[in-house]
Amino acid sequence: MGLLHKLLAGRQARVRVALTPSPDTPATATTHTSPEGSPLLTQRQYLADVPYVLPKDPLEDQRLNYQHHALYRTLSNHYLAPLSPESTRTILDVGTGTGIWAFEMQALFPHALVVGVDVSLQSLPQPVPPTCVFVRANVLEGLPFPDGQFTYTHQRLLVAAIPAQAWPGVVRELVRVTRPGGWIELLELSDGIQPAGPATRRLLDWFTSISRQLGFEMAVLRQLGELLQQAGCVDVTSHDIPVPLGHWAGAAGQLLLTDVLHGLDALKDSYCARTNTPPAVVDQMLREAAKEWEQQQARYVFHAAYGRRPQP
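Numbering-wise, our numbering comes out as the position in the sequence shown, counting from 1, plus 13.
See the structure below:
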């Protein structure tokens with residue numbers, strides 16, 4: 014973590030999260046070693062029996078909340094679809110994580126029932142508002158709800174949880190549980206960081222190539238609108254969301270910088286162990302890339318799409 018502290022220079026905004034572990038959550042605390050025997054990964058917890066490649070522990074929970082606040086500062090809202098406060102009565106959040114989006118949506122829609130699902134509920138703070146319900150479920154195995162239950166279904170940033178070939182089925186499942194006339198919204202990573210200098214390109218290419226070997230394909234994330242249309246949605250809208258990245262952009266840029274550096278660092282440990290790549294090599298790429306982000310006033314590009322399940 015020493016590299017992260019140097020890159021962040023102690024200036025990042027801080028988000029405090031109260032965490033309550035769940036005893037029924039399968040997880041593993043893993044330590045990898047290099048061929049020379051030096052530890053690459055120490056005491057990061059990972060979920061067992063799911064393809065999710067990022068850790069599931071308090072440090073990762075804090076990163077997700079940084080990410081949430083960085084997106085909110087850019088969007089000035091928690092959703093993009095044209096929701097009606099009067100008719101939005103049931104909201105589903107798939108991959109709810111720490112529950113921060115669900116809690117804040119419940120405050121915006123106080124008369125709505127907000128349901129969050131995730132493969133692990135260990136990251137939820139307490140107490141849970143009475144109008145929020147959290148269910149342990151894996152969208153890759155199907156959601157435990159009848160057809161047409163929700164007026165708005167939301168899923169974002171599950172690139173590290175959904176293999177490329179599973180995306181069409183996942184989107185169909187989101188549409189299935191949404192009522193006719195209701196909205197489905199997706200938000201994911203897009204083309205990464207722009208502008209991408211040589212160091213940034215090397216860094217992203219390294220992570221992307223290993224992700225592809227594990228079954229995760231970034232290119233599919235540019236097709237969210239097409240996936241919604243293929244699943245039968247109408248009134249589909251999609252667009253890019255460039256979010257400032259770095260100290261140059263003030264608080265929002267610092268929040269996202271913290272998110273990106275911690276996320277890449279978590280992947281770095283796992284990916285280095287898989288490929289026998291010395292961590293110092295990736296640390297140098299991160300250092301050079303972060304310097305480019307400040308010099309070029311880079312932005313991290315997200316891609317969003319939303320569509321409506323048609324009336325019969």
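Glycine included, C-beta positions come from ideal geometry on N, C-alpha and C.
Reference residue i; option with closest CA among the options
i       : options                               : result
Arg-132 : Gly-155, Leu-200 and Arg-215          : This sequence places Val at residue 132; Arg is not what is there. Among Gly-155, Leu-200 and Arg-215, the Cα nearest to that of Val-132 is on Gly-155.
Ala-94  : Val-146, Gln-80 and Gly-194           : Gly-194
Leu-96  : Ala-125, Gly-110 and Pro-255          : Ala-125
Thr-191 : Leu-241, Leu-153, Pro-291 and Arg-149 : Leu-241
Phe-163 : Pro-157, Pro-138, Leu-105 and Pro-211 : Leu-105
Thr-87  : Ala-262, Gln-309 and Thr-288          : Ala-262
Ser-303 : Trp-196, Leu-269 and Ala-279          : The sequence shown places Ala at residue 303, rather than the Ser named in the question. It is Leu-269 whose Cα lies nearest to the Cα of Ala-303.
Val-273 : Val-152, Ala-83, Tyr-92 and Gly-112   : Ala-83
Val-152 : Trp-114, Val-172, Gly-245 and Arg-322 : Val-172
Leu-137 : Asp-248, Leu-202, Glu-239 and Gly-112 : Gly-112
Ala-120 : His-91, Gln-139 and Gly-110           : His-91
Gly-320 : Val-188, Phe-158 and Glu-73           : Val-188
Asp-74  : Trp-114, Thr-103, Tyr-85 and Thr-101  : Trp-114
Val-127 : Thr-101, Leu-280, Pro-140 and Ala-150 : Thr-101
Glu-99  : Glu-239, Pro-143, Gln-58 and Tyr-165  : Tyr-165
Val-148 : Gly-210, Phe-158 and Gln-139          : Phe-158
Gln-236 : Asn-78, Pro-181, Gln-139 and Pro-143  : Pro-181
Ser-224 : Thr-288, Pro-325, Pro-140 and Ala-150 : Thr-288
Ser-89  : Met-118, Tyr-284 and Ser-283          : Met-118
Pro-325 : Gly-110, Gly-161 and Ser-283          : Gly-161
Under 7 Å between C-beta atoms of residue i and residue j
i       : j       : result
Glu-186 : His-167 : no
Arg-169 : Leu-200 : yes
Arg-300 : Pro-257 : no
Arg-76  : His-275 : yes
Val-130 : Val-107 : yes
Glu-307 : Ala-212 : no
Leu-216 : Met-298 : yes
Val-247 : Pro-123 : no
Gly-266 : Val-249 : no
Asp-70  : Gln-58  : yes
Leu-277 : Leu-234 : no
Pro-208 : Gln-309 : yes
Ala-279 : Val-184 : no
Lys-281 : Val-295 : yes
Backbone secondary structure at residue i - three-state DSSP
i       : result
Ala-22  : Residue confidence is low: Ala-22 scores 41 on pLDDT, short of 50, so the model does not pin down where it sits. No coordinate-derived value is stated.
Phe-116 : helix
Gln-309 : helix
Ser-47  : Confidence at Ser-47 is low in this model, with a pLDDT of 31, below 50, so the placement of that residue is unreliable and no value is reported for it.
Ile-175 : coil
Leu-126 : strand
Thr-101 : coil
Pro-143 : coil
Pro-36  : Confidence in Pro-36 is poor, its pLDDT being 35 and thus under 50, which makes the residue's placement unreliable; the coordinate value appears in the next sentence. In the structure shown, Pro-36 sits in coil (DSSP, three-state: anything other than H, G, I, E or B).
Gln-58  : strand
Gln-207 : strand
Thr-41  : Low per-residue confidence applies at Thr-41: pLDDT is 41, beneath 50, and the placement is therefore not dependable enough to give any value.
Tyr-292 : Looking at the sequence provided, one finds Pro at residue 292 rather than Tyr. Helix at Pro-292.
Glu-230 : coil
Lys-69  : coil
Gln-135 : coil
Pro-52  : Here the model assigns Pro-52 a pLDDT of 36, short of 50, so the residue's position is not dependable and the matter cannot be decided.
Ala-94  : coil
Gly-276 : helix
Paired residues, beta bridge with residue i - DSSP
i       : result
Ala-317 : Leu-200 and His-252
Thr-191 : Phe-163
Asp-106 : Gly-129 and His-167
Val-247 : Arg-321
Pro-257 : Arg-312
Val-148 : Val-130
Interface flag, residue i vs chain D, CB-CB below 7 Å
i       : result
Leu-156 : Reference to chain D is not applicable here, since this structure consists of a single protein chain.
Exercise. Report yes or no: do three or more beta-carbon pairs, one from the segment 176–185 and one from the segment 226–233, lie closer than 8 Å?
Key: yes
Quiz item: Are there three or more Cβ pairs, one per stretch, closer than 8 Å when the segment 249–269 is compared with the segment 309–320?
Solution: yes
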